[in-house]
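In the numbering used here, the protein residues as written are 1 to 538. Glycine included, C-beta positions come from ideal geometry on N, C-alpha and C. Encoded as structure tokens, the structure appears first; notes follow it.
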RNA sequence: GCCGCGUUCGUCUAAGGGUUAGGACACCACCCUUUCACGGUGGUGAUACGGGUUCGAAUCCCGUACGCGGUACCA
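Below, the structure is given as structure tokens:
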């Protein structure tokens with residue numbers, strides 16, 4: 001009987017799934033899948049931003065579509081030097097290069113909104129002509145005053161809405177003659193959308209299902225600013241249309257302004273042509289929305305790569321510099337709010353492209369857990385071949401002035417210690433003793449119970465090592481134990497001193513493996529110099 | 001305040017009306033290891049609350065609480 005229940009359920013589920021897919025993707029069967037990541041260049045890219053890129057990228061690649069980068073730099077006041085270049089580098093590091101963008105070019109260039117400035121006004125004017133938008137002449141000061149004047153306990157932040165617009169200086173409250181006069185005098189103005197009254201705007205979000213809003217409580221957003229630049233609300237609709245975007249994924253913080261965008265779509269191009277929206281859940285920090293501050297406070301990165309704020313010189317640490325592999329970074333980001341329904345957690349980029357499904361993205365925000373991020377990175381360091389790790393590791397050693405002469409030796413070292421590293425920077429601690437001879441053993445000396453017997457053992461051991469027929473860990477270990485036996489010493493008592501001699505501390509991989517990699521010259525040299533230091537110390 | 005979106009172990013999550021509510025991170029214990037790790041085995045630990053609907057609810061509905069987001073000529 002349970003079988004029957006299961007079977008029915010399965011059938012129901014598959015039907016549902018087909019219906020679901022048809023629902024979401026029927027229109028795009030005719031339309032090529034085109035998605036965009038549209039950041040504004042105001043600083044470093046944080047986890048949430050990169051995850052938005054990732055979901056866009058995965059969706060595009062999965063459907064054989066295009067991934068477009070569009071720079072939304074309509075606010076000159078917030079433009080930050082270097083931020084755009086940072087975005088390119090981050091995408092490159094993560095292996096998510098756009099098919100079209102300011103740098104790559106493409107059929108819909110330019111891809112920087114500041115360079116598209118001249119094309120937005122006509123759309124705003126079209127709305128004005130249709131009575132769906134209007135001129136407003138209120139100055140910044142007047143807006144501030146109005147907000148103060150109409151502020152009450154119940155309404156602490158009055159909006160430019162249906163009630164307030166009738167009290168302001170705009171084309172709805174002035175005669176056409178006055179408006180004309182103001183325009184002729186080159187009075188600065190903005191164009192605001194005129195939100196209709198008591199209408200319900202709803203649309204289907206790919207993640208949340210149907211979402212609806214009452215237009216009475218949405219304000220008259222500015223569409224075209226007084227400097228002639230569009231706001232996000234106009235630019236996103238116009239450019240998504242012009243660039244033939246089929247699906248638009250963005251952070252959840254955009255959900256409240258979605259009705260504005262739906263309306264602009266309806267007025268300008270028709271709702272049928274509108275991309276399918278998906279509002280991604282936020283990534284949270286320890287106390288709410290993840291911020292740079294959280295990173296600084298709790299000691300983990302929030303940006304993809306190091307970012308220096310030009311104005312202040314403040315440096316914000318990135319995952320790359322902290323020692324994350326891009327494969328791991330992408331993997332952990334993908335899992336922050338999505339899973340494929342199985343218990344698999346480690347995914348390659350290719351697997352993600354294959355298995356990612358926007359329907360399985362969560363609705364709720366996810367709190368970022370750095371411990372789990374470390375686990376992902378550890379898993380990736382363990383399963384990445386040493387030769388693929390080499391460049392990164394060499395660079396890290398170089399930055400710490402650790403002299404690496406022999407690449408082959410370095411590969412062996414990486415293979416030997418990679419299981420112990422959670423971060424690429426852990427290779428410093430785990431492997432630098434191979435390249436830098438330890439010294440200054442004072443702290444360990446007392447614990448070693450160094451004496452003449454041990455001293456003479458190591459003297460003989462040096463001789464033994466020099467005449468070893470084959471230099472590998474098994475032979476070294478064999479010689480060590482034989483000699484200990486014939487000296488009537490327990491190998492256990494001697495192994496720690498040997499480790500201290502070779503490593504300089506009570507850590508590291510098996511000591512005979514270390515000796516093998518060090519080679520006979522270096523091994524015997526370290527034993528001999530340490531022995532003499534111990535002898536003189538006692 | 002108003003509007004919107006959420007809510008399963010501490011954290012990330014599985015579950016599509018019937019499961020001893022599963023997995024992962026972290027934590028604890030044991031094992032492995034003549035170092036430190038890695039690793040292995042096991043354990044602690046959750047359906048926010050209150051009402052419905054139903055033979056049966058984490059799952060569907062309503063309410064409450066809580067959290068988050070928005071409420072700019074920022075994006």
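* **Spatial neighbours of residue 434 in its chain, beta-carbon cut-off 6 Å, leaving aside the 5 residues before and after** => Position 434 of the first chain, counted from the first residue, corresponds to residue 434. 413.
* Where the beta strand (DSSP E) containing residue 277 begins and where it ends -> Counting from one through the first chain, the residue named residue 277 turns up at place 277. Element bounds for residue 277: 276–280.
* Which residues bound the beta strand (DSSP E) around residue 432? -> The residue you call residue 432 lines up with position 432 of the first chain. Run containing residue 432: none; DSSP gives neither H nor E here.
* **First and last residue of the uninterrupted alpha helix (DSSP H) at residue 181** => Within the first chain, numbered from 1, the residue matching residue 181 stands at position 181. Start and end: 176–184.
* Asked: Apart from the five residues on each side of it in sequence, which residues of its chain come closer than 6 Å, Cβ to Cβ, to residue 204?
  -> Here the question's residue 204 lines up with position 204 in the first chain. 210, listed in sequence order.
* Which full runs of the alpha helix (DSSP H) of 4+ residues lie inside the region 239–285, going along the chain? -> 258–268
* **residue 111 versus 123, 98, 385 and 474, residue with shortest Cα-Cα distance** => Along the first chain, read from residue 1 onward, the residue named residue 111 stands at position 111. For residue 111, the nearest C-alpha among the options comes from 98.
* Asked: For the beta strand (DSSP E) that contains residue 66, what are its first and last residues?
  -> For the purposes of this step, residue 66 is identified with residue 66 of the first chain, where counting begins at 1. It spans 66–69 - the beta strand (DSSP E) in which residue 66 sits, taken as one unbroken run.
* Asked: Excluding five sequence neighbours on each side, which residues of the same chain lie with their C-beta closer than 6 Å to the C-beta of residue 168?
  -> Counting from 1 along the first chain, the entry for residue 168 is found at position 168. 138, listed in sequence order.
* Inspect the beta-carbon positions of residue 540 and residue 479 and report whether they are closer than 8 Å. => Outside the displayed span of the chain (1 to 538) sits residue 540, for which this structure offers no information.
* Examine the ligand FMN and report whether any of its heavy atoms sits within less than 7 Å of the Cβ of residue 202. => Absence of the ligand FMN from the depicted structure is noted, as is the absence of any ligand whatsoever, leaving it without description.
* Compute the Euclidean distance between the alpha carbons of residue 259 and residue 358, then round it to the nearest angstrom. => Stepping through the first chain from its first residue, residue 259 is reached at position 259. Stepping through the first chain from its first residue, residue 358 is reached at position 358. C-alpha separation (whole angstroms): 21 Å.
* residue 100 burial status per 10 Å Cβ neighbour count (16 or more: buried) -> Position 100 of the first chain holds residue 100. So residue 100 ends up on the buried side.
* Express the C-alpha separation of residue 296 and residue 324 in angstroms, rounding to a whole number. => Position 324 of the first chain, counted from the start, is the residue given in the question as residue 324. Position 296 of the first chain, counted from the start, is the residue given in the question as residue 296. Near 17 Å, if we compare the C-alpha coordinates of residue 296 and residue 324.
* To do: Classify residue 377 as buried or exposed, calling it buried when 16 or more other Cβ atoms lie within 10 Å of its own Cβ.
  => To locate residue 377, count along the first chain from 1; it is residue 377. Burial call: buried.
* **N- and C-terminal bounds of the beta strand (DSSP E) containing residue 72** => In the first chain, the residue the question calls residue 72 occupies position 72. Premise fails: residue 72 is in no beta strand (DSSP E) and is neither H nor E.
* What are the boundary residues of the beta strand (DSSP E) that residue 34 is part of? -> Taking the first chain and counting its residues from 1, one reaches residue 34 at position 34. Taken as a continuous stretch (DSSP letters only), the beta strand (DSSP E) holding residue 34 covers 34–37.
* To do: Could you check which residue in 90, 406, 252 and 214 has the C-alpha nearest to that of residue 41?
  => Start at 1 with the first residue of the first chain, and residue 41 comes out as number 41. Taking only the C-alpha atoms, the option nearest residue 41 is 90.
* **Residue(s) in a DSSP beta bridge with residue 522** => As a working mapping, residue 522 is identified with position 522 in the first chain. Bridge partners of residue 522: none, in fact.
* Straight-line Cα distance separating residue 409 from residue 501 -> Locating residue 501 in the first chain gives position 501, where the first residue counts as 1. Locating residue 409 in the first chain gives position 409, where the first residue counts as 1. Those two C-alpha atoms are separated by around 20 Å.
* Consult DSSP for residue 336 and reduce its assignment to one of helix, strand or coil. => By one-based count along the first chain, residue 336 stands at place 336. Correct three-state label for residue 336: coil.
* **residue 338 versus residue 272 - alpha carbon distance** => As a first step, residue 338 is located in the first chain; it is residue number 338 there, counting from the start. As a first step, residue 272 is located in the first chain; it is residue number 272 there, counting from the start. So the alpha carbons of these two residues sit roughly 28 Å apart.
* Asked: Taking just the CA atoms, how far does residue 223 sit from residue 163?
  -> The residue labelled residue 163 in the question sits at position 163 within the first chain. The residue labelled residue 223 in the question sits at position 223 within the first chain. Computed Cα separation, rounded: 19 Å.
* Sorted by chain position, which residues of the same chain lie with C-beta nearer than 8 Å to residue 61's C-beta, five sequence neighbours on each side aside? -> For the purposes of this step, residue 61 is identified with residue 61 of the first chain, where counting begins at 1. Once the five neighbours on either side are set aside, the close Cβ partners of residue 61 are 67 and 353.
* Asked: According to the neighbour-count rule (16 or more other Cβ atoms, all chains shown, within 10 Å of its Cβ), is residue 298 buried or exposed?
  -> To locate residue 298, count along the first chain from 1; it is residue 298. Exposed, by the Cβ-count rule.
* Would you report the Cα separation of residue 382 and residue 456, rounded to the nearest angstrom? -> Along the first chain, one-based indexing puts residue 382 at 382. Along the first chain, one-based indexing puts residue 456 at 456. Spanning the two alpha carbons is a distance of roughly 40 Å.
* To do: Taking 8 Å as the cut-off, decide whether the C-beta atoms of residue 249 and residue 33 are in contact.
  => Residue mapping note: residue 249 aligns to position 249 of the first chain, counting from 1. Residue mapping note: residue 33 aligns to position 33 of the first chain, counting from 1. Not a contact, by the Cβ cut-off of 8 Å.
* So, using beta-carbon positions, are residue 228 and residue 117 closer together than 8 Å? -> Here residue 228 corresponds to residue number 228 of the first chain, with the count starting at 1. Here residue 117 corresponds to residue number 117 of the first chain, with the count starting at 1. Cβ distance < 8 Å, so residue 228 and residue 117 count as in contact.
* Asked: Is residue 355 helix, strand or coil when you go by DSSP?
  -> The residue labelled residue 355 in the question sits at position 355 within the first chain. Note: residue 355 maps to helix in three-state DSSP.
* Quick one: complete alpha helix (DSSP H) runs, 4+ long, within the region 445–479? -> 452–466
* To do: Please classify residue 523: is it buried, with 16 or more other beta-carbons within 10 angstroms of its beta-carbon, or exposed?
  => Position 523 of the first chain, counting from 1, holds the residue named residue 523. Classification for residue 523: buried.
* Asked: Would residue 81 pass as a contact of residue 310 if the rule is Cβ separation under 8 Å?
  -> Position 81 of the first chain, counted from the first residue, corresponds to residue 81. Position 310 of the first chain, counted from the first residue, corresponds to residue 310. Taking 8 Å as the Cβ cut-off, residue 81 and residue 310 qualify as a contacting pair.
* Asked: Buried or exposed: which applies to residue 392, given that a residue is buried once 16 or more other Cβ atoms fall within 10 Å of its Cβ?
  -> The sequence position of residue 392 within the first chain is 392, counting from 1. Flag for residue 392 reads buried.
* **Pairwise C-alpha distance: residue 87 and residue 535** => Taking the first chain and counting its residues from 1, one reaches residue 535 at position 535. Taking the first chain and counting its residues from 1, one reaches residue 87 at position 87. Distance between the alpha carbons of residue 535 and residue 87 is about 58 Å.
* Are residue 53 and residue 207 closer than 8 Å when you measure CB to CB? -> The count along the first chain starts at 1 and reaches residue 53 at position 53. The count along the first chain starts at 1 and reaches residue 207 at position 207. Against a cut-off of 8 Å, the Cβ pair of residue 207 and residue 53 comes out as no contact.
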